[in-house]
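In full-length UniProt numbering, the protein residues as written are 1 to 919.
Think of the CB as a built atom: it goes at the ideal place given N, C-alpha and C, for glycine as much as any other residue.
Bear in mind that the values here come from a model prediction, so they are computed numbers and not experimental data.
Beneath this line is the structure, given in structure tokens, with notes to follow.
This is how it looks when you write it as structure tokens:
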């Protein structure tokens, strides 16, 4: 309710006669004392000259200060005699009077011309009285309110004009309106006088105690004295929380770190706040909080020592493995550092190893519990201290968790003593180490053509060997090392030997298909026949790395100081003379993809920089580490001549998105699920290797002639720089918004869980046959929609279980999304239970949980063989067709292509034709 302030209150009953002045002709207004209904004296100004014509009686106030108000209100109370109740009055009797004002800066005016006044209004009575009323002392009081707007001078005078009425002016009250003092959104707004007419007055608020502006607070004071349109707000400072209209300090045991937090929060584990007004909680003794840790995070401590250290000595290299600490200190940012010392024979004098020893992938800040140490001195003692660290280790004054491993390297084979050469063989003999580290188990001979880099490894227990099957007139490089129970020693010095010449022969022409050329290259990358002892064995050795079976962890090429070494380690070098480009099939960001019959070649454009070459070959270094049927296979690289090339297997049907658009609606749901299963299997393999793809999309999935889908394109950082269609710029670079998880967009947090989000988009692309995710929405609209909870609807004819799996992949919380291993399991169950794919998303609500946790009492449709599957889908008449075509397992039917389906249809037509003919 607005506050009404008076400028002049009840001026007419003031005993000061100078307040009202009658400056004009007499007889005029008279000041008379009367008694009200409660017998209280009341002063009035009266005039009743109704018997005489041409009346013009004036009464005005003294100067009234407006006190800053632009609009003031005048409330008058008066009585008026009914002209009909006055006997014998002429027709000039009036029942109205006029009210005027004059605005002036002069407070001492005694005379104002009639023409200078501004008329406010003519005032008429709602109730008039008669002589009978006066006798009965019933006074009918009238109240009228008028206003004056747009005042600008210091004050004004009010005047009342009588033109022949019988009236008594009982009260005159002059006032203005204001918006009252108030507190809103922790901002105080003072008493504010309203503006003129309907103008709004903008008022800026002041933040209350212990608060600060979050957004400048302001409101508007309306002409009626009400507050309107609150904008902005104040927030309590750190250490204070809001309590209605003020800020109160945080209680002991609580804290508030940021002004934007609404309320004080209980201290996180292992911390406390004994005082009021705490902006953070102090960690308990032995616990710490890193500078980058949020104040809401529990205090943590350094980890304990690594456990179960194991060393594997291999000549002058050693592989160190260990288990993570039992106590991680409450953190997940565990890393390891290796400290190396070389010790003398008596183990009393140890010195740091120095820069001559190398660590792969690095010496400090290791994220995995393994490291390879190379370039150690032979026959030497080393001590390695493995230190576990986390984000608060540097804050702890106590010793960190460490474990020590002591190893001894082995000696090398001294020298080759004897050799015998012919046109296609070489015989070698050598002496063993002078002081071997244990009994010698075997010797290893490695050799290669001097102009090649493809090694062949032979093993023998003897100290002599004849290597056969060599090329005439060719120089070979040989090296020998010994192995004891303690591991391999280092290689002896290189020996170069040239086989005898047998006369020049014309080189074979290689004008054949790339497929045969590739077979030739791969054959020469293997082994050359040699005369061996019965116990000799061979193993493939490429660029200094032995390829061992079993699971591995992905190694990022950037961990190598020399990127070329990563290429040598993971990719096979192919002689460019053995490659013939037949037809261009596409262009990439670095160069052209070329193809022959069975391989595809990506080449680096001319004029490239060193960085472009490194980035280009890093993709080969990545691909070379993968070996899975659903990951594109690297055949090799060409780096020793121009153009630089990456050679991969050829996928006949190209990218998945284009392939699906071309064959819209031509596949069964089982076939689409089979494609998705293959992609999920490949991603599970990558996830198990701790590799995050970052750009999983249908455009980066390749399809071969058997509908096998393979994950490709491992050059994300390079591709996105030149892909404005799919990319969106953030502070960290460009990312494909439509396929990327929210946390990767907001915080660039890429994990296997963010790959799962992208896989859900790929599922949507596959079921919709290559439709563009989110259609024509802009990238900004996509980000906003996802943040508000929007998810892509089910494509047309999409089984409800598949759409539910997509929604599971699009859970906002990373930990709530399924793992790729779980996705593979779910898709396998769907393939074995085709009935679960019949219910479409637009007909009912299902959950993937129905597949994994179905009611045992409900009959389940499942199959275990191809024959059962064909019977279940009413195609039992084609059992022989599938069997003769080699489809005898459920896994094999996932990759049936269109032509096989056509073959079945054709066979059916043939059988029908035969039947009609026999009839």
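Quiz item: Based on Cα-Cα distance, which residue from 268, 837, 33, 705 lies nearest to residue 649?
Solution: 705
| According to the neighbour-count rule (16 or more other Cβ atoms, all chains shown, within 10 Å of its Cβ), is residue 170 buried or exposed? | buried
### Message
For a test of the three-state rule: what should DSSP assign to residue 610, helix, strand or coil?
### Response
helix
* First through last residue of the beta strand (DSSP E) which encompasses residue 248 -> 246-249
### Query
When the Cα of residue 302 is compared with those of 835, 242, 393, 699, which residue comes out closest?
393
So residue 56 and residue 161 are in contact, right, with Cβ under 8 Å, and what is the actual spacing, rounded?
-> 7 Å
field: Three-state secondary structure assigned by DSSP to residue 275
entry: coil
Own chain residues within Cβ distance below 7 Å of residue 723, not counting five before or after = For residue 723, the predicted model reports a pLDDT of 42, less than 50, meaning its position is unreliable; a value from the coordinates is still stated below. None.
| Taking the alpha-carbon positions, what's the residue 748 to residue 331 distance? | 20 Å
contact_flag[the stretch 366-385, the stretch 337-346] where n(CB pairs < 8 Å) is 3 or more: yes
Looking at the structure shown, is residue 625 part of a helix, part of a strand, or coil, going by DSSP?
coil
Contact check, residue 217 vs residue 234 under 8 Å by CB: the rounded distance?
6 Å
_Looking at residue 334: is its Cβ nearer than 8 Å to the Cβ of residue 390?_
yes
(request) Return the CA-CA distance between residue 755 and residue 819, expressed in angstroms with no decimal places. (result) 10 Å
Helix, strand or coil at residue 774 [DSSP, three-state]: coil
When the Cα atoms are used, what is the spatial distance from residue 758 to residue 615? 24 Å
TODO: Assign residue 364 to one of two classes, buried (16 or more other C-beta atoms within 10 Å of its C-beta) or exposed (fewer than that).
DONE: exposed
inquiry  = I'd like the span of the alpha helix (DSSP H) that includes residue 369, first residue to last.
reply    = It is not in any alpha helix (DSSP H) - residue 369 carries neither H nor E in the DSSP assignment.
_Going by DSSP, what residue range makes up the alpha helix (DSSP H) through residue 675?_
669-688
Report the three-state DSSP secondary structure of residue 327 (helix, strand or coil). coil
- For the candidate residues 401, 208, 181, whose alpha-carbon lies nearest to that of residue 388? 401
Taking a contact to mean a Cβ-Cβ separation below 8 Å, would you say residue 159 touches residue 58 in this structure? yes
Point to revise | Rounded separation between residue 796 and residue 809 - CA only | key: 19 Å
*asked:* From the DSSP secondary-structure annotation, give me the bridge partner or partners of residue 130.
replied: The partner list for residue 130 (beta bridge, DSSP) is empty, contrary to what the question assumes.
With 16 other Cβ atoms within 10 Å as the buried cut-off, status of residue 32:
exposed
Check the C-beta distance from residue 710 over to residue 823 and give it rounded, since I have them as a contact under 8 Å. About 17 Å separates the two Cβ atoms, so there is no contact after all.
Q.
At the level of alpha carbons, what is the spacing between residue 789 and residue 780?
A. 15 Å
Buried or exposed by the 16-neighbour rule on C-beta atoms within 10 Å, applied to residue 126: exposed
ask   = Curious, which full-length beta strand (DSSP E) runs of at least 3 residues does the stretch 451-478 contain?
value = 454-460, 464-468
**For residue 370 and residue 498, the rounded distance between their alpha carbons** = 41 Å
Query raised in the report: By a C-beta neighbour count over all protein chains shown, 10 Å radius and 16 as the cutoff for buried, is residue 240 buried or exposed?
Result: buried
Practice problem: Quick one: grab the DSSP three-state call for residue 333. | Solution: coil
* Please list, in chain order, all residues of the same chain as residue 366 whose beta carbon is under 8 Å from its beta carbon, the five residues on each side excluded. => 335, 336, 337, 338
Can you give me the C-alpha to C-alpha distance between residue 174 and residue 69, rounded to a whole angstrom? 12 Å
### Query
What runs of the alpha helix (DSSP H), each 4 residues or longer, lie entirely inside the stretch 791-838?
800-809, 820-832
Open item on the list: Can you give me the C-alpha to C-alpha distance between residue 517 and residue 599, rounded to a whole angstrom?
Closed with: Low confidence applies here, because residue 517 scores a pLDDT of 27, under 50, leaving its location unreliable and the question unanswered by this model.
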